[in-house]
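Have a look at the structure below, then the notes.
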Amino acid sequence: MAAAAPPPASWTWADQLSSWRFWALLIAYVLVDVFSGAARGSVLLDLRISSGLSLAELGNTRQVGAVSALLCLPLAWLAIKWKPLLAMVLLAALTFCGLLVVMQEGLPLWGMSIGWALHGLAGGALVFILPAVIAGGRGGAEAYLIPFGIVATLGFAGGTLSNGLAGVSYDLWEMRSVPYLAAVAVLVSAALLLTLPAQMFAGPPPERGYALTPRSRPPLQVALLFLVPFYGLYWLYRVHGEVAAVAPSRALMSPRGALLGGIFIPFLWLFAVASLAEVLQRKYQENGLPAPPSVLGTSLWALFLPPVAAALLQSRLNRLVPVPQPAE
87 MAAAAPPPAS WTWADQLSSW RFWALLIAYV LVDVFSGAAR GSVLLDLRIS
137 SGLSLAELGN TRQVGAVSAL LCLPLAWLAI KWKPLLAMVL LAALTFCGLL
187 VVMQEGLPLW GMSIGWALHG LAGGALVFIL PAVIAGGRGG AEAYLIPFGI
237 VATLGFAGGT LSNGLAGVSY DLWEMRSVPY LAAVAVLVSA ALLLTLPAQM
287 FAGPPPERGY ALTPRSRPPL QVALLFLVPF YGLYWLYRVH GEVAAVAPSR
337 ALMSPRGALL GGIFIPFLWL FAVASLAEVL QRKYQENGLP APPSVLGTSL
387 WALFLPPVAA ALLQSRLNRL VPVPQPAE
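Going by our numbering, the residue at position 244 of the sequence shown is 330; the numbering climbs one at a time, nothing skipped.
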C-alpha cells in the first residue's frame, strides 16, 4: 500500500510577508478602500453644495449603495468559489465603471443611485475578497492574526485617511477630482492583481534560500546606531538574512520582506523581533548553549526600547557567527 502524500506546507505569516502576493493584495486593498471612501465623501459634499438637493434626497442615493453593499458578502463568496483572481479583476472593473457614472455632472438622482449601487456592490465585494484571499492557505492562530490584522488595521486607518482626502479636495482641488483619483487607484489595483499567480496562497509557499553572510557587531554600537535615521531599517534587513544563514527557518521573513514591513508597517517590528528571538533560542538549544533571555522579555524591550532589543539580538547572533580561521 502506497504511503499517503504529505499535506502541502501551509503558509506562515513570514512566508506571506516575504512574498509579492501579499504586498500586491495589500496595496490593492488600501487603494480601493481609501480612494473609494474619499470619492464618496467628496461627491456627496459637492452635491450638497451645488445641486440644491435636500439631505433626505442625498441620503436616498447613498442608501441605494448601502443596500447593495448588503449583497457584497454573497457575491464575494461566489467569487472565492469560482476564480478569485479573475473575479477580483472583474470587480475592480465594475467598481471603476461605478465611479465613472458617479463622476458625470448633471446626472439625475436615479442615475446617481445606479452608480453608487454598482460601486457599492463591486467595490464592497472586492474589499471582502482581498482579506479573505490573504487569510487563506495557512494554519495557526498567529499566522491568521498577523496578516489579517495588518489588513484590518490599515483598513481602519484608511477610513480616516479617506475623510482627510475628501476635505483636502474641498480646499485645494475641484470637488470632483477625487473620484478621478479613485478611478485611477482602482485601475492600479487591477494592474497589481494581474501580476499575481492564479493559485494565490492555495499552493505551498515558495522556497526561500536568500541569506546574508553573518557579521559580528558590538551590541552597544548597534544600540547607539539606532539613533541614526534609517539604521534600524538597515539592521532589520541584515539581521534577517544573517540569522537565516546560521539558523534557517520559515518563521523568519526574508530580508526584503522585513525591510518592506519596517517601512510600511512600523508595528511589524514587534513581531519580527519575537520571531528572531524564537529562532535564535531554538538554535541555542540545538547547540547546547546556555538559554538566552526569554522571548517575552525581548519582545517587551522591542515594544518600549527598540535599541535594547536590537542589542540583545545582536549579542545572541554574535555567538553563532563562525569565527574565521587564520590562513595557514
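We put the CB at the ideal spot given by N, CA and C, even for glycine. Since the structure is predicted, the reported quantities are computational estimates derived from the model, not experimental observations.
Report task. Pick out whichever of Ala-284, Gln-371, Glu-372 and Ser-361 has its Cα sitting closest to the Cα of Gly-383. Result -> Ser-361
Query - Minimum C-alpha distance to Pro-300 - residue among Val-381, Arg-324, Ala-363 and Met-189 - result: Arg-324
Requested in this report: Hey, could you find the ends of the alpha helix (DSSP H) Val-219 is sitting in?
Outcome: 195-221
Query - Closest Cα partner of Ser-352 within the set Val-332, Trp-387 and Ile-236 - result: It should be noted that the sequence gives Pro, not Ser, for residue 352. Of Val-332, Trp-387 and Ile-236, the residue nearest in Cα terms is Ile-236.
Query - Leu-103 and Leu-319 closer than 9 Å at C-beta - result: no
Query - In chain order, each alpha helix (DSSP H) run of at least 4 residues that lies wholly inside the region 361-390 - result: 381-390
Query raised in the report: In chain order, which alpha helix (DSSP H) runs of at least 4 residues are fully inside the region 310-369?
Result: 317-332 and 341-350
Query raised in the report: How about Leu-322 and Trp-355: do their beta carbons lie closer than 9 Å?
Result: yes
Query raised in the report: Relative to the C-alpha of Ala-269, which residue among Gly-123, Val-188, Trp-106 and Phe-182 is closest?
Result: Phe-182
Query raised in the report: Are Val-118 and Val-213 touching if we call contact CB-CB under 9 Å?
Result: yes
Query raised in the report: Are the region 187-203 and the region 279-294 in contact at 8 Å, needing three or more beta carbon pairs?
Result: no
Query - Residue of Val-359, Phe-350, Gly-374 and Pro-376 minimising C-alpha distance to Phe-390 - result: Val-359
Query raised in the report: Using the beta-carbon count (16 or more within 10 Å), is Leu-172 buried or exposed?
Result: exposed
Report task. Assuming Ala-221 contacts Leu-177 (C-beta within less than 8 Å), just tell me the rounded distance between them. Result -> 18 Å between Cβ atoms; not a contact.
Query raised in the report: When you compare only the Cα positions, how much space is there between Leu-195 and Gly-201?
Result: 10 Å
Query raised in the report: Should Ala-91 be labelled buried (16 or more other beta-carbon atoms within 10 Å of its own) or exposed?
Result: Since pLDDT at Ala-91 reaches only 49, below the 50 mark, its modelled position is unreliable, and the value read off the structure follows with that caveat. The residue in question, Ala-91, is exposed, as its Cβ has fewer than 16 Cβ neighbours within 10 Å.
Report task. Within 10 angstroms of the Cβ of Glu-328, are there 16 or more other Cβ atoms? Answer buried if so, exposed if not. Result -> buried
Query raised in the report: In this structure, does DSSP put Thr-181 in helix, strand or coil?
Result: helix
Query raised in the report: When the Cα of Leu-111 is compared with those of Ser-380, Ala-277 and Leu-406, which residue comes out closest?
Result: Ala-277
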